[in-house]
Amino acid sequence: MEKIPNEEVVEGSSMVLRCIAAGYPTPTYRWKKTDLVGATSNVFDKVNGVVLSLFNKVLTIKSIEKNRHAGTYTCHAIIDDGGAQKTAKESSTITIRGRRI
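Heads up, the sequence shown is in the working numbering, so the first residue is 1238 and it goes up one at a time.
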């Protein structure tokens, strides 16, 4: 699984995170977010300004808001061969700066 770099973005800008993993059978992808107070939640397509595409490999936020989007995003690549399930994960911490006036 490839490393997902940490990002520093300006509030109001957009951001794209890509999750790339290889395996057989082809992995399925899920994203989780841990916010600044440590609460972890699942990330869903078209919820809180997030768009997931390419079978959940790509996470896009078009208009970053500090109080909604700051935190650590973790991609889980899951391979289920009908027996044992294998999961690899990689994380990216998103730091959001205020807009310049």
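Note that CB positions come from ideal geometry on N, CA and C, so glycine has one too.
Give me whichever residues DSSP pairs with LEU1296 in a beta bridge. The partner list for LEU1296 (beta bridge, DSSP) reads LEU1254 and LEU1289.
Separation of ALA1321 from THR1277, as counted between CA atoms: Spanning the two alpha carbons is a distance of roughly 25 Å.
Tell me the DSSP bridge mates of ALA1325? In DSSP, ALA1325 forms a bridge with ALA1314.
Please name the residue or residues paired with GLU1244 in a DSSP beta bridge. Answer by DSSP bridge pairing, in chain order: ILE1331.
Starting from LYS1269, follow its DSSP beta bridges and name the residues at the other end. LYS1269 pairs with ASN1279 and THR1311.
Among the candidates CYS1256, ARG1334 and HIS1313, whose CA atom is the shortest distance from the CA of SER1300? Ranking the options by Cα distance to SER1300, first place goes to ARG1334.
Taking the straight line between their C-alpha atoms, what separation do you get for GLY1319 and ASN1279? Each residue's Cα considered, the two are about 24 Å apart.
Can you give the Cα-Cα distance for HIS1306 and ASN1243, rounded to whole angstroms? The alpha-carbon atoms of HIS1306 and ASN1243 are separated by roughly 13 Å.
Considering ILE1305, what are the terminal residues of the alpha helix (DSSP H) in which it resides? The amino acid occupying residue 1305 in the given sequence is Arg; Ile does not appear at that position. It spans 1303 to 1306 - the alpha helix (DSSP H) in which ARG1305 sits, taken as one unbroken run.
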